[in-house]
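J.:
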Amino acid sequence: MSLAEKQCVPCRGGVDPLRREEAQEMLGQLPDWTLSDDAGRISRAFSFKNFAEALAFVNRVGEISEKQDHHPEISFGWGHVEIEIWTHKIGGLHENDFILAARIDGLLGQP
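Structure, rendered in structure tokens:
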């Protein structure tokens, strides 16, 4: 099953974050995302034609995030959006982070 087909599961903490090797393996399904130097976060930058398109994308990301109950850090401005994802409860990466990233990627090309 692809990451985009999975659902985020509640993470209450008490689990170890993914090891660098595990994160890199999952990142193989998300070629446009970058793993942080400490392997604790993934991020991606997106480009748009103008502020309105960037804002519309951010709003769609917000809708998906609410449905998955998993919330990324988002910054945006005229023609750009930057998203950073990690699981706050465990201070690192969890499969949920990659699921959310895949779902965000799925928004591209959608009106």
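In the numbering used here, the protein residues as written are 2 to 112.
Here a beta-carbon is modelled for each residue, glycine too, at the ideal position from N, C-alpha and C.
1) For L31, tell me which candidate among I91, I86, V59 has the shortest Cα-Cα distance.
2) When the distance is taken between beta carbons, is H95 closer than 8 Å to P18?
3) Drop a sphere of 10 angstroms on the beta-carbon of W79, count the other beta-carbons inside from all chains shown, and report buried for 16 or more, exposed for fewer.
4) Would DSSP call A46 helix, strand or coil?
5) Would you kindly work out how many angstroms separate the C-alpha atoms of G93 and G107, rounded to a whole number?
6) Could you check what DSSP says for G41 in three-state terms: helix, strand or coil?
7) I75 and V59 - do their beta-carbons sit closer together than 8 Å?
8) Should L109 go down as buried or exposed, given a rule of 16 or more other Cβ atoms within 10 Å for buried?
9) From the DSSP output, read off the bridge partner residues of E74.
10) Run through the DSSP bridge pairs and tell me what G15 is partnered with.
T.: Reading off the structure:
1) Of I91, I86, V59, the residue nearest in Cα terms is I86.
2) yes
3) exposed
4) strand
5) Computed Cα separation, rounded: 23 Å.
6) coil
7) The answer is yes: Cβ separation under 8 Å.
8) The residue in question, L109, is exposed, as its Cβ has fewer than 16 Cβ neighbours within 10 Å.
9) E85
10) Looking at the DSSP assignment, G15 forms no beta bridge with any residue, so it has no partner.
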